[in-house]
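Here the structure is laid out as structure tokens; the discussion comes afterwards.
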Amino acid sequence: MYASSHHRSAPRRTSQARAPPCSEAQPQPEPERQTRTATPNPNPNPRRQQPHTRGDGGGSTMTDNRFLEKGIEIVKEAVEKDNAQDYEGALVLYKRSLEYFINSIKYEKNPAVRETVSQRVVGYMKRAEDLKAMLNGDGPPNANHDANGAGTAARPPDAKGKKAEDEAAKLQASLGSAIVTEKPNVKWDDVAGLDAAKDALKEAVILPARFPHLFVGKRRPWRGILLYGPPGTGKSYLAKAVATEADATFFAVSSSDLVSKWQGESEKLVRNLFEMAREAAPSIVFIDEIDSLATQRSEGESESARRIKTEFLVQMQGVSGGANGVLVLAATNVPWEIDAAMRRRFEKRIYIPLPEASARSVMFKLHIGNTPNNISPEQFDRLGDITEGCSGSDISVIVREALMEPLRKCRTAKQFLSMTPDQARQLGNTLANSQDLDAGAEPTPDPVRVLVPCGHYPNCPDCPMELKMEGAGGAPAKGTRCNTCGALTITLFDVEPAELAVPNVTMEAFEHVLERSRTSVGQDELEEYVKWTAEFGEEG
4 MYASSHHRSA PRRTSQARAP PCSEAQPQPE PERQTRTATP NPNPNPRRQQ PHTRGDGGGS
64 TMTDNRFLEK GIEIVKEAVE KDNAQDYEGA LVLYKRSLEY FINSIKYEKN PAVRETVSQR
124 VVGYMKRAED LKAMLNGDGP PNANHDANGA GTAARPPDAK GKKAEDEAAK LQASLGSAIV
184 TEKPNVKWDD VAGLDAAKDA LKEAVILPAR FPHLFVGKRR PWRGILLYGP PGTGKSYLAK
244 AVATEADATF FAVSSSDLVS KWQGESEKLV RNLFEMAREA APSIVFIDEI DSLATQRSEG
304 ESESARRIKT EFLVQMQGVS GGANGVLVLA ATNVPWEIDA AMRRRFEKRI YIPLPEASAR
364 SVMFKLHIGN TPNNISPEQF DRLGDITEGC SGSDISVIVR EALMEPLRKC RTAKQFLSMT
424 PDQARQLGNT LANSQDLDAG AEPTPDPVRV LVPCGHYPNC PDCPMELKME GAGGAPAKGT
484 RCNTCGALTI TLFDVEPAEL AVPNVTMEAF EHVLERSRTS VGQDELEEYV KWTAEFGEEG
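Our numbering numbers the first residue of the sequence shown as 4 and each following residue consecutively.
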């Protein structure tokens, strides 16, 4: 934790005024009237600082999401320069970020995001005006003078409130990247299984937004939901589905977004996060790996960690106790490490277990997608049966490995069969070899030659295996064609890219991958989740 002891000595007087401090951990001396400072152009040409638009003749421009993302990127740089007391550079960047934010408001379709950005624009504009006035040397009317005649600006009566507002604006600017402006495009149907978890999230997110009249009297939607389970079971994937399906502002944060090296700033970040969520209601705050922020309190922990947890508890109590339109969604792999008071704030604690056989079969289909394959529905069911104990993440890795198998066979092939595109399509579901072709069939004189890797070497008993003196290796000469099967003795890098036909993914590819695959979750770990669920949670 950085201390502020290096500021105890009396500050030196300089000719440049100082802005209000950006962190209470770094107190600064009273500002002095600036005698002469180069001021950036107060009215820059916005066209020169606009991002480039497409000139394809279609009249399309940069989307609102791109404007907002660029504005957030620039305002972060402005805050860094502001904290480093590079006020001229900060002023230029604040102005540039305001141009992007204003353009994003024009094209933003989500009213909640538009309102949030508008509020941020007011704060950044106010900060830019303050910096401009300070750089121009415009002190308050009741400026005092010291014995040497140098002007010393008196602090206005509301300077403390202005300082707090400026500090809040900077903290909220640093949290601006947590707002998910572009939907992840993950539908409920893309999540295999987990019906109980999806139902709970629909009750908490979808129903209140679409049918608010249903939640009257004592009937209130869930305000705190904890998703827990082994790694790779789909907790974060569920959060992406919520961000896609919900018509609400989505905040996705982690411990790195909320923990600061400056003393006292972490709890302020937590407070400002929930203030932003309340201002943008209806909103969802997703906290991944919440165990890193809300572990059980102990005597040996630091004071700063305890303050962060206390602020979390206070904010969570406010969320669960009122109808403020904020849902806190959290995920963890170690629920038993979460503080008991924080655990109580999550009204729904849903266990996300390893997928069942039917869900695993669906996952294989989803991960393969539209990749050419010859796997039948029965084989998909078999894949689900033989992968017991695999998580969703494990299945994703298995599919990626299996999709690479045809490419590896192309890379290691020593012979290729030349055929027409129609023949390649007909034989694409299996590896091409001499038994797949009609006896005596010759490649048609098609202008487009397609080469398919042979499944083994040599491709047939009659393939030329005699040694021909081609270099020191004595291998068969490149381009040698077998008179029986027509296989060419070449390698992958001798094939033109347009002539290569890649075999489809087969069940054999998955079986080959599964022979060397291992699960990432142990049985003893699963027993801990089952025990914790029986005591505190519910099945998902």
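C-beta atoms are modelled at their ideal positions from N, C-alpha and C, and glycine is treated no differently.
Of the choices the options, whose alpha-carbon is the least far from that of residue i?
i, options, result
"residue 245", "330, 215 and 196", "330"
"residue 498", "461, 380 and 418", "418"
"residue 510", "249, 190 and 401", "401"
"residue 188", "198, 209 and 241", "241"
"residue 269", "311, 423 and 506", "311"
"residue 320", "305, 227, 209 and 107", "227"
"residue 328", "518, 220, 211 and 512", "211"
"residue 538", "375, 353, 485 and 412", "353"
"residue 515", "415, 405, 483 and 525", "405"
"residue 380", "367, 89 and 309", "367"
"residue 504", "350, 536, 422 and 265", "422"
"residue 542", "71, 231 and 85", "231"
"residue 517", "260, 223, 408 and 89", "408"
"residue 458", "412, 126 and 122", "412"
"residue 213", "200, 260, 285 and 86", "285"
"residue 318", "281, 307, 341 and 300", "281"
Could you tell me the boundaries of the beta strand (DSSP E) in which residue i lies?
i, result
"residue 332", "329-335"
"residue 421", "419-422"
"residue 456", "453-456"
"residue 291", "286-291"
"residue 252", "252-256"
"residue 351", "351-354"
Can you name, in chain order, every residue of its own chain whose Cβ lies under 6 Å from the Cβ of residue i, other than the five neighbours on each side?
i, result
"residue 283", "115, 119 and 252"
"residue 243", "187 and 189"
"residue 45", "Caution applies to residue 45, whose pLDDT of 43 falls short of 50 and renders its modelled position unreliable; the value that the coordinates give is listed next. Within the same chain, residue 45 has no close Cβ partners at all."
"residue 117", "108 and 111"
"residue 376", "507 and 508"
"residue 234", "336"
"residue 414", "495"
"residue 92", "84"
"residue 558", "No answer is possible for residue 558: it lies beyond the span of the chain, which begins at 4 and ends at 543."
"residue 455", "420, 427, 435 and 504"
Look at residue i and residue j and say whether their C-beta atoms are less than 9 Å apart.
i, j, result
"residue 206", "residue 225", "yes"
"residue 204", "residue 293", "no"
"residue 94", "residue 74", "no"
"residue 389", "residue 378", "no"
"residue 462", "residue 490", "yes"
"residue 532", "residue 338", "yes"
"residue 397", "residue 360", "no"
"residue 273", "residue 314", "yes"
"residue 255", "residue 289", "yes"
"residue 529", "residue 357", "yes"
"residue 355", "residue 238", "yes"
"residue 494", "residue 427", "no"
"residue 365", "residue 392", "no"
"residue 279", "residue 316", "no"
"residue 420", "residue 466", "no"
So the alpha helix (DSSP H) residue i belongs to, where does it begin and stop?
i, result
"residue 367", "360-371"
"residue 343", "343-348"
"residue 398", "395-415"
"residue 517", "510-517"
"residue 387", "380-389"
"residue 231", "Unbroken run through residue 231 is the beta strand (DSSP E), 227-231; no alpha helix (DSSP H)."
"residue 214", "No alpha helix (DSSP H) contains residue 214, which DSSP labels as neither H nor E."
"residue 496", "It is not in any alpha helix (DSSP H) - residue 496 carries neither H nor E in the DSSP assignment."
"residue 239", "238-248"
"residue 295", "Careful: residue 295 lies outside any alpha helix (DSSP H) and carries neither H nor E."
"residue 139", "Looking at the DSSP string, residue 139 is not in any alpha helix (DSSP H), and its letter there is neither H nor E."
"residue 460", "Residue 460 -> no alpha helix (DSSP H), and no H or E assigned at all."
"residue 200", "198-204"
"residue 272", "268-282"
"residue 524", "From DSSP, residue 524 is part of no alpha helix (DSSP H); its letter is neither H nor E."
Go through its chain and collect everything with a Cβ distance to residue i's Cβ below 7 Å, but skip five positions before and after it.
i, result
"residue 544", "Within the shown structure, residues of the chain are numbered from 4 to 543, placing residue 544 beyond reach of any answer."
"residue 373", "none"
"residue 460", "417 and 418"
"residue 399", "370"
"residue 196", "358, 359 and 362"
Near residue i, what residues of its chain come up, given a Cβ to Cβ distance below 8 Å and the 5 sequence neighbours on each side ignored?
i, result
"residue 9", "Because residue 9 carries a pLDDT of 43, less than 50, the predicted location of this residue cannot be relied on, and the following value inherits that uncertainty. Excluding sequence neighbours, residue 9 sits near nothing in its chain."
Between residue i and chain C, is any beta-carbon pair separated by less than 9 Å?
i, result
"residue 115", "Of the protein chains in this structure there is only one, and it is not chain C."
The ligand GDP and residue i: does the residue's C-beta get closer than 8 Å to at least one heavy atom of that ligand?
i, result
"residue 536", "As for the ligand GDP, it is missing from this structure, which has no ligand bound."
**OP:** Could you name each continuous alpha helix (DSSP H) segment of 4 residues or more that falls completely within the segment 76-118, going from the start of the chain to the end?
**Re:** 90-110
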